[in-house]
Amino acid sequence: MKRIVLLLSPLVILLSPIIDAFQGVYIDPRSDAGYAVIACVAIIGLALGMIATFCYKRGAVGNVVTAGTLAVTLFLFGDLSYGVFWRLADHIGMEGAAALAFAGLVVLILILFKLMAAVPRMMAAFAVALLGSTVLDRGLITEASAEEPAPAVIYIVTDEMIGISGIDTRLPHGAEAKAALSRVFQKHGFRLHSKAFSRHILTQVSVPAALNMDYSYNFPGDRSHYAYPGEVTKFKELSLFNLWHRQGLSVNVFQSAHLDFCKTEALVDCHTFASFDGSRFIQRQRTEGGPYRDVPPASASLADVKALVEGNRQSLAMAAVGLVASNLLETKETALQEWHPRSYDQLAFPYWLGQFQNMILDKGRGNAFFAHFLFPHSPSVYNKDCKPTNRWVERSYLTEVRGLAGQELDEARVKEYGFYFAQTLCLAKQLDKFFNVVLSDKRFQDATIVVHGDHGSRISAGRNVETMSPRDYVDNYSALYAVRKPGVATGTDYKLHSVQWLNASLFRGNVSEVAPTVVGSMQGKSDDPAVYAPITDPDHVAIVPMHDFDASH
Numbered sequence: 001m002k003r004i005v006l007l008l009s010p011l012v013i014l015l016s017p018i019i020d021a022f023q024g025v026y027i028d029p030r031s032d033a034g035y036a037v038i039a040c041v042a043i044i045g046l047a048l049g050m051i052a053t054f055c056y057k058r059g060a061v062g063n064v065v066t067a068g069t070l071a072v073t074l075f076l077f078g079d080l081s082y083g084v085f086w087r088l089a090d091h092i093g094m095e096g097a098a099a100l101a102f103a104g105l106v107v108l109i110l111i112l113f114k115l116m117a118a119v120p121r122m123m124a125a126f127a128v129a130l131l132g133s134t135v136l137d138r139g140l141i142t143e144a145s146a147e148e149p150a151p152a153v154i155y156i157v158t159d160e161m162i163g164i165s166g167i168d169t170r171l172p173h174g175a176e177a178k179a180a181l182s183r184v185f186q187k188h189g190f191r192l193h194s195k196a197f198s199r200h201i202l203t204q205v206s207v208p209a210a211l212n213m214d215y216s217y218n219f220p221g222d223r224s225h226y227a228y229p230g231e232v233t234k235f236k237e238l239s240l241f242n243l244w245h246r247q248g249l250s251v252n253v254f255q256s257a258h259l260d261f262c263k264t265e266a267l268v269d270c271h272t273f274a275s276f277d278g279s280r281f282i283q284r285q286r287t288e289g290g291p292y293r294d295v296p297p298a299s300a301s302l303a304d305v306k307a308l309v310e311g312n313r314q315s316l317a318m319a320a321v322g323l324v325a326s327n328l329l330e331t332k333e334t335a336l337q338e339w340h341p342r343s344y345d346q347l348a349f350p351y352w353l354g355q356f357q358n359m360i361l362d363k364g365r366g367n368a369f370f371a372h373f374l375f376p377h378s379p380s381v382y383n384k385d386c387k388p389t390n391r392w393v394e395r396s397y398l399t400e401v402r403g404l405a406g407q408e409l410d411e412a413r414v415k416e417y418g419f420y421f422a423q424t425l426c427l428a429k430q431l432d433k434f435f436n437v438v439l440s441d442k443r444f445q446d447a448t449i450v451v452h453g454d455h456g457s458r459i460s461a462g463r464n465v466e467t468m469s470p471r472d473y474v475d476n477y478s479a480l481y482a483v484r485k486p487g488v489a490t491g492t493d494y495k496l497h498s499v500q501w502l503n504a505s506l507f508r509g510n511v512s513e514v515a516p517t518v519v520g521s522m523q524g525k526s527d528d529p530a531v532y533a534p535i536t537d538p539d540h541v542a543i544v545p546m547h548d549f550d551a552s553h
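Everything in the sequence shown is counted per the UniProt record's numbering, starting at 1 for the first residue and increasing by one.
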């Protein structure tokens, strides 16, 4: 019996992080990539188990080999789960990481050798606990703490989510998407600002302006003075984080790797999830396969392998598995190919929203939780039932990017909005599930919850003043804004306000302290309905009136 336990324990231990990886990247285990990766890990686990079984109680040398085999199993598990080797290498270099890993293995081998009689039972218990923790839904853990700190704040940016009045109900899935979003927010007691709009068309300007409650006219267009220069935009001043700190809240940031909200002057607990920049993949499609084609199934399967490799934090063990799996799939170009983001940002949104939910439930009151999700941001990779597709298509700025005009522009707009609204329906389903769990916990029934878009869908002719029609202003700037807070009446507000002004109105305290760049006072004065619109000259930006709108008419 002990030999059977030793045979199977490495397999179960190594499969646990793979099961978690499949959940995280939303890859079908029954796909070619799934079978390949599982087969590789199963072979490795069974091979280690056979070595441990064969050598168990065969004298001192055999016991050392058994202990060494099981120590390697545990090291591989840590490497698969947490990227132990690469994390060490980042801090002390490859040679130092190798030396430290070797020393750790020696110590672990000695410990297991001393406990050899109990090792099979220990490994079995460890394997069962790991497998159980992999499938356990921590979202079910909602027991409230005996202490009652300050009410929580939950703040979610849904990237590229157009506002309710910006949804054209004449387009495919438009009426359905508008009704679904309205229904979700009404069900959970939100006040929905139907005609909210963003001052800015770019995320790296819109979001910091909202977090600084800056709705002024002295904001520098596409160049945010709140940001540090660099390849990845990092924000140095986010007044709302400072305000939450002054209110006694700990600030928790949940973000992609595209924009960094953690380098701000305010102290935050930072969580950055795996992200993929698909721009190079889209460019490859343009040059090799014609403009904006869908991803063929074979390429999607290969991308699944790459996703599992990179989705496991560049684990050394996972890289080896990916290399073997790639060879099984008859490709020799794993390291050279540009892959589509099968597992990142948009496709992983349901998983990352679930992880954000778990963090909220784990930490409870006394915390402010900020999350930025690239959803329903392009590409539209989900249908309305949240079933993934292989579609990876750039949909923004149809004239400026694709060169479309006239009837071709109108037809492309209708088509892309159909896919966009289908993904919006998926967003509504995911938010409904999220609110059901979080608001069923009594710790969060008095929480302030904000959900807003950073700008519109951008399914428009373009973003420059010279290109945009009146319809394009709605497509580019209309933005979702919904708030749930004690004392804020539920229902729908049809006033024309910017997201930045709505945030200042909701959170401001004393505006002159919170956002000194804001022009004027909040008292009895709303922001003028205007937006910053780029012009063809990249050094200039125009301030253009944002007229009242209802896209369905």
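Cβ atoms here follow ideal geometry from the backbone N, Cα and C, with glycine treated the same way. These numbers were taken from a predicted model, which means no experiment stands behind them.
The continuous beta strand (DSSP E) containing HIS452 extends over residues 448-453. In this structure, the CA atom of TRP352 is about 48 Å from the CA atom of ALA60. For HIS245, the uninterrupted alpha helix (DSSP H) segment begins and ends at 239-246. Under the DSSP assignment, PRO545 falls in the beta strand (DSSP E) whose first and last residues are 541-545.
In its chain, beyond the 5 residues on either side, PHE419, TYR420 and GLN423 have a beta carbon closer than 6 Å to the beta carbon of SER380. Excluding sequence positions up to five before and after VAL119, its CB lies within less than 7 Å of the CB of LEU70 and LEU112, all in the same chain and listed in chain order.
In terms of Cα proximity to GLN407, the closest of ALA461, CYS55, CYS426 and SER457 is ALA461. Counted as a single uninterrupted DSSP element, the beta strand (DSSP E) harbouring ALA530 occupies residues 530-534. Cβ atoms of GLY453 and MET161 come within 8 Å of each other, at about 3 Å.
By the Cβ rule, the segment 357-374 counts as touching the segment 247-254, because three or more pairs are nearer than 8 Å. With 16 or more neighbouring CB atoms inside 10 Å of its own CB, ASP214 falls in the buried class. Beyond the five residues adjoining it in sequence on each side, ALA266 comes within less than 7 Å, by CB distance, of LEU238, PHE241, ASN242, HIS245 and VAL251 in the same chain, given in chain order. Residue burial is scored here from C-beta neighbours: ILE4 has fewer than 16 other C-beta atoms within 10 angstroms and is therefore classed as exposed. Here DSSP, grouped into helix, strand and coil, assigns ILE162 to coil. Rounded to the nearest angstrom, the Cβ distance from LEU130 to ILE13 is 6 Å, consistent with a contact under 8 Å.
Annotated three-state conformation of ASN367 is strand, per DSSP. In the DSSP assignment, the residues bridged to ILE156 are ALA371 and VAL451. Taken through DSSP and simplified to helix, strand or coil, CYS386 comes out as coil.
Distance from the CA of GLY174 to the CA of ILE167, rounded to the nearest whole angstrom, comes to 6 Å. Taken in chain order, the unbroken stretches of beta strand (DSSP E) that lie wholly in the segment 452-496 and span 3 residues or more are 481-484 and 491-493. In the three-state scheme derived from DSSP, where H, G and I count as helix and E and B as strand, CYS262 is classed as coil.
Taking the C-beta atoms as reference points, VAL153 is found nearer than 7 Å to THR448. By the CB criterion at 7 Å, VAL184 and ALA428 fall inside the cutoff. In summary, ASN436 is exposed, with fewer than 16 beta-carbon neighbours lying within 10 Å of its beta-carbon over all protein chains present. The C-beta of SER469 has fewer than 16 other C-beta atoms within 10 Å across all chains shown, which makes the residue exposed. Considering only VAL531, PRO10, PRO545 and ASP441, the residue with the shortest C-alpha distance to ILE201 is VAL531. Shown here, VAL37 sits in a helix according to DSSP, grouped into three states. Counting along the chain, THR424 sits inside the alpha helix (DSSP H) bounded by residues 406-439. Taking 7 Å as the cut-off, the beta carbon of ASP550 is found closer than this to the beta carbon of SER165. PHE261 counts as buried, since no fewer than 16 other beta carbons sit within 10 angstroms of its beta carbon. A check of alpha carbon separations from PHE126 across VAL157, ASP79, LEU74 and ASP159 identifies LEU74 as the nearest. DSSP, reduced to helix, strand and coil, places PHE77 within a helical segment of the structure shown. Per DSSP, reduced to three states, the secondary structure at SER250 is strand.
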